[in-house]
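In order, the protein sequences belong to chains G and S. Under my numbering, the first residue of the first sequence is numbered 1060, with each subsequent residue one higher. Under my numbering, the first residue of the second sequence is numbered 1013, with each subsequent residue one higher. For each residue, glycine too, the CB sits at the ideal point set by N, CA and C.
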Amino acid sequence: MAVLDVDVKEGVDQETVDAVAQLSGAYKYGWNDDEIEMDYAPKGLNTDIVELISGKNEEPRWMTDWRLSAYERWTGMSVPNWAMLKLADIDFQDLYYYARPKSMEVKPKSLDEVDPKLLETYKKLGIPLSEQAILAGVEGAVPDEGRKVAVDAVFDSVSVGTTFQKELAKAGVIFCSISEAIREHPELVKKYLGTVVPPTDNFYATLNSAVFSDGSFVYIPPGVRCPMELSTYFRINAENTGQFERTLIIADKGSYVSYLEGCTAPKRDVAQLHAAVVEIIIEEDAEVKYSTVQNWYPGDAEGRGGIYNFVTKRADCRGDRAKIMWTQVETGSAVTWKYPSCILRGDDSQGEFYSIAIANNMQQADTGTKMIHLGKRTKSRIVSKGISAGKAQNTYRGLVSMHPKAKESRNYTQCDSLLIGSECGAHTVPYIEVKNNSSRVEHEATTSKVDDEQLFYCRSRGMDEEEAVALVVNGFCKEVLQALPMEFAMEAQALVAISLEGSVG
Amino acid sequence: MLEIKGLKVDLEDEDKSILKGVDLTVPAGEVHAIMGPNGSGKSTMSYVLSGKDGYTVTGGTATLNGVDLLAMEPEERAAAGLFLAFQYPVEIPGVGNMTFLRTAVNAQRKARGEEELSAGDFLKEVRAKAKDLKIDAEMLKRPVNVGFSGGEKKRNEILQMAMLEPKMCILDETDSGLDVDAMKLVADGVNALRSEGRSFLVITHYQRLLDHIKPDVVHIMSNGRIIKSGGPELALEVEHNGYTDLLAEDA
Chain G
1060 MAVLDVDVKE
1070 GVDQETVDAV
1080 AQLSGAYKYG
1090 WNDDEIEMDY
1100 APKGLNTDIV
1110 ELISGKNEEP
1120 RWMTDWRLSA
1130 YERWTGMSVP
1140 NWAMLKLADI
1150 DFQDLYYYAR
1160 PKSMEVKPKS
1170 LDEVDPKLLE
1180 TYKKLGIPLS
1190 EQAILAGVEG
1200 AVPDEGRKVA
1210 VDAVFDSVSV
1220 GTTFQKELAK
1230 AGVIFCSISE
1240 AIREHPELVK
1250 KYLGTVVPPT
1260 DNFYATLNSA
1270 VFSDGSFVYI
1280 PPGVRCPMEL
1290 STYFRINAEN
1300 TGQFERTLII
1310 ADKGSYVSYL
1320 EGCTAPKRDV
1330 AQLHAAVVEI
1340 IIEEDAEVKY
1350 STVQNWYPGD
1360 AEGRGGIYNF
1370 VTKRADCRGD
1380 RAKIMWTQVE
1390 TGSAVTWKYP
1400 SCILRGDDSQ
1410 GEFYSIAIAN
1420 NMQQADTGTK
1430 MIHLGKRTKS
1440 RIVSKGISAG
1450 KAQNTYRGLV
1460 SMHPKAKESR
1470 NYTQCDSLLI
1480 GSECGAHTVP
1490 YIEVKNNSSR
1500 VEHEATTSKV
1510 DDEQLFYCRS
1520 RGMDEEEAVA
1530 LVVNGFCKEV
1540 LQALPMEFAM
1550 EAQALVAISL
1560 EGSVG
Chain S
1013 MLEIKGLKVD
1023 LEDEDKSILK
1033 GVDLTVPAGE
1043 VHAIMGPNGS
1053 GKSTMSYVLS
1063 GKDGYTVTGG
1073 TATLNGVDLL
1083 AMEPEERAAA
1093 GLFLAFQYPV
1103 EIPGVGNMTF
1113 LRTAVNAQRK
1123 ARGEEELSAG
1133 DFLKEVRAKA
1143 KDLKIDAEML
1153 KRPVNVGFSG
1163 GEKKRNEILQ
1173 MAMLEPKMCI
1183 LDETDSGLDV
1193 DAMKLVADGV
1203 NALRSEGRSF
1213 LVITHYQRLL
1223 DHIKPDVVHI
1233 MSNGRIIKSG
1243 GPELALEVEH
1253 NGYTDLLAED
1263 A
């Protein structure tokens, strides 16, 4: 069995190198679908826009009021500036808060009636044809048998379709867009929305609460192991558009789900705003794995354009023995501001955070996690790998907090930084609070440079310089890559290599 | 096979000349040994031939089957058939030994326009070759050279050599730090690779390695030049009398 294990792992690694070789060149997902006809709300933000978004989604009044109160709150808030990020002021009145592909307004009868540009987009994303039909909202389209990932695609602000809904429904799993959930499952949404990330949480989360137009909703009933991986694909396409998706995942008692999130955006000279909120509720004995491969457009080598990514992600281990595992591979975005957090409320609950953050050229990343230990004997583990190249700045910022009642709790943090070249920076900012005397907190941090001897060794065996860097960096990230689901691991390895192109030599 | 003419090399950072006109020809199928006192330039020559940074070639040529080695990148030299077994093999944390080998083999095949080895074929080959060198499955799985003993590192170098099937193999003090049994394993590995189309340049301080790997020609290097060449008996002479007489002869 051990031997078999080797075969698979080695195979994966090789595919990485193959993928890298094929994907030579710059940002792969940088096409934009200008010709897709979009339906925009007017620029800027006010109560009318909030009402309009709510109206477009045919929301009940309680939802509209929820948004409006968030908007009221937001108008009194100011942009947080404690992160190690330098960016120009964002004019929040100069953005579109709602954009929707026109072809979504009327349900098409077959693929022939779907905007061909939209289909082309799906094709470029590598989504199979039968699923393209479902995503495009074709009536009566059915998914292929045999594929095990259910996909929800969010195109600019709108969820354009979810696959495998029927099969999931058989298991009692609800996987749909959040706008649909608000209409179809209001009792669940009302019960959980805003209970992990309250509408008042922070500037960007509050903004999101007011204007989120869509996102994904997942409910796993008690005792159910979700029969397939769930996946959401986010893409920002329209110009000057903010994307504000909202994801709500509920794992009821004793259930399990693995959730994947992928992101891309076209190349634009002007920076685009992305402010998402992800809330996860994990009840007693339930487990959630949430994996992200974030590959938003990072801007060009001079720092023009790219996505400003301000995301609030938080999981609440409400019940005893609940478990959350965050895994993130952050390679894109001009600016990343993101701290997927774990509230370990239930006794014996566990939180894990595995992160690879790569910043090349002029990219800036300020990312990390928060582990809030409230319950007894709670455990958390943080493994962070930051890689800086070019003139990029990469900051790990993490909080480990042991509350007075979190007796006999444990945390282990490992925080490694790798520098490529001499103009980049790596920063580690750990915050540790311990308010009882039976808990244990460990923190290890290292900083190293890609070693010339290692690169020469690889090259003397026949690998070119970029292949050599990719190999060494993938080795550095190994622990995190291993935490990802297999399909994602391959994509992530390839991405690691691509993100670092041109960083040496 | 390998032809070096009047090779002169300086250290890049300091104004220091290391090689002062090396002339050396290794015909196809032959094994040549280079011996010499510390600091004579033996390791520098192996690094310069394989393309390491930090050296400036100020004169002379080095060709492999008529192709100018010095004009190529390190990876191009490797694809052209040059292999250096390192004196101090480098550790690469997190990268599985097998992954490393497969990446290297396929990179070279690709550079030569050959088809890449499939996962199955590669595995079969690597297992067979590893077995001969007493490298077990566990060692193939571990990160490249991390936590390897001295003997394991050197055996791993020979495994790479066996997998890459180079034409010209340079062994830089492969015997250093090895006990007798380990040296025998390494020597057997090298001997198994001897063939008409493959040449070896064995850099060593000691005659004992040459008991196991029989050289066709022995060269003595001193102060950046080859000062004497001869048959295997030259190595025995060094073993008995040291370098002093030879150096005096040269002076």
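If you reduce the DSSP assignment to three classes, tell me which class residue i lands in.
i, result
"Glu1074(G)", "Caution applies to Glu1074(G), whose pLDDT of 41 falls short of 50 and renders its modelled position unreliable; the model cannot decide the point."
"Trp1141(G)", "coil"
"Pro1245(G)", "helix"
"Gln1120(S)", "helix"
"Glu1103(S)", "coil"
"Glu1185(S)", "coil"
"Tyr1318(G)", "strand"
"Phe1369(G)", "strand"
"Arg1210(S)", "strand"
"Leu1205(S)", "helix"
"Gln1331(G)", "strand"
"Ala1085(G)", "Confidence at Ala1085(G) is low in this model, with a pLDDT of 44, below 50, so its placement is unreliable and no value can be given for it."
"Phe1095(S)", "strand"
"Tyr1099(G)", "strand"
"Thr1262(S)", "The sequence as given places Asp at residue 1262(S); Thr does not occur at that position. It is helical."
"Tyr1292(G)", "strand"
"Gly1108(S)", "strand"
"Gln1423(G)", "strand"
"Leu1076(S)", "strand"
"Glu1126(S)", "coil"
"Lys1064(S)", "coil"
"Val1158(S)", "coil"
"Ile1108(G)", "helix"
"Glu1204(G)", "For Glu1204(G), the predicted structure reports a pLDDT of 42, less than 50, and the residue's modelled location is therefore unreliable. The matter cannot be settled from this model."
"Leu1252(G)", "coil"
"Ile1147(S)", "coil"
"Ile1417(G)", "strand"
"Glu1015(S)", "strand"
Going by DSSP, which residues form a beta bridge with residue i?
i, result
"Phe1134(S)", "Its beta-bridge partners do not exist; DSSP assigns none."
"Cys1235(G)", "Phe1276(G)"
"Trp1355(G)", "Beta-bridge pairing links Trp1355(G) to no other residue."
"Met1384(G)", "Lys1348(G), Glu1411(G)"
"Met1136(G)", "Met1136(G) is not bridged to any residue."
"Lys1240(S)", "Ile1232(S)"
"Thr1259(G)", "Answer is none; Thr1259(G) lacks a bridge partner."
"Val1069(S)", "Val1021(S)"
"His1432(G)", "Leu1403(G), Met1461(G)"
"Asp1180(S)", "Note that residue 1180(S) corresponds to Met in the displayed sequence, not to Asp. The partner list for Met1180(S) (beta bridge, DSSP) reads Leu1094(S), Ser1211(S)."
"Lys1032(S)", "Lys1020(S)"
"Arg1284(G)", "Tyr1315(G)"
"His1044(S)", "Leu1213(S), Val1229(S)"
"Arg1305(G)", "Val1336(G)"
"Ser1375(G)", "Note on residue identity: the sequence assigns Asp, not Ser, to residue 1375(G). Answer by DSSP bridge pairing, in chain order: Ile1340(G), Ile1402(G)."
"Trp1396(G)", "Phe1369(G), Asp1425(G)"
"Glu1117(G)", "Note: Glu1117(G) sits in no beta bridge, so no partner."
Which whole-angstrom value is the C-beta distance of residue i and residue j, which I expect to be below 8 Å?
i, j, result
"Lys1494(G)", "Pro1463(G)", "5 Å"
"Pro1245(G)", "Ala1129(G)", "Between Ala1129(G) and Pro1245(G) the Cβ distance is about 18 Å, and since that is not below 8 Å, they are no contact."
"Gly1449(G)", "Asn1420(G)", "4 Å"
"Ser1558(G)", "Thr1390(G)", "4 Å"
"Glu1288(G)", "Ser1314(G)", "About 14 Å; that fails the 8 Å criterion."
"His1224(S)", "Met1195(S)", "7 Å"
"Asp1184(S)", "Ala1097(S)", "6 Å"
Would you mind listing the beta strand (DSSP E) stretches within the segment 1436–1492 of chain G that are 3+ residues and don't spill past its ends, in chain order? 1438–1447, 1452–1461, 1469–1478
Do three or more CB pairs link the segment 1379–1386 of chain G to the segment 1344–1358 of chain G at distances below 8 Å? yes
Stretch pair the segment 1517–1526 of chain G + the segment 1472–1479 of chain G: three plus CB contacts closer than 8 Å: no
Count the C-beta pairs between the segment 1444–1460 of chain G and the segment 1018–1027 of chain S that are closer than 8 Å, then say yes if the count reaches three, no if not. no
With contact counted as at least three CB pairs below 8 Å, one residue from each stretch, are the segment 1222–1229 of chain S and the segment 1042–1062 of chain S in contact? yes
Could you pull out every unbroken alpha helix (DSSP H) segment of at least 4 residues lying fully inside the segment 1492–1564 of chain G, listed in chain order? 1511–1518, 1524–1535, 1537–1540, 1545–1558
Touch test, the segment 1182–1195 of chain S against the segment 1155–1164 of chain S, Cβ-Cβ under 8 Å, three pairs minimum: yes
Taking 8 Å as the cut-off, does the segment 1256–1273 of chain G touch the segment 1130–1140 of chain G (at least 3 CB pairs, one atom from each stretch)? yes
Report yes or no: do three or more beta-carbon pairs, one from the segment 1245–1256 of chain G and one from the segment 1101–1116 of chain G, lie closer than 8 Å? no
Report yes or no: do three or more beta-carbon pairs, one from the segment 1191–1207 of chain S and one from the segment 1030–1038 of chain S, lie closer than 8 Å? no
Below 8 Å, can you find three or more Cβ-Cβ pairs linking the segment 1270–1290 of chain G to the segment 1136–1153 of chain G? no
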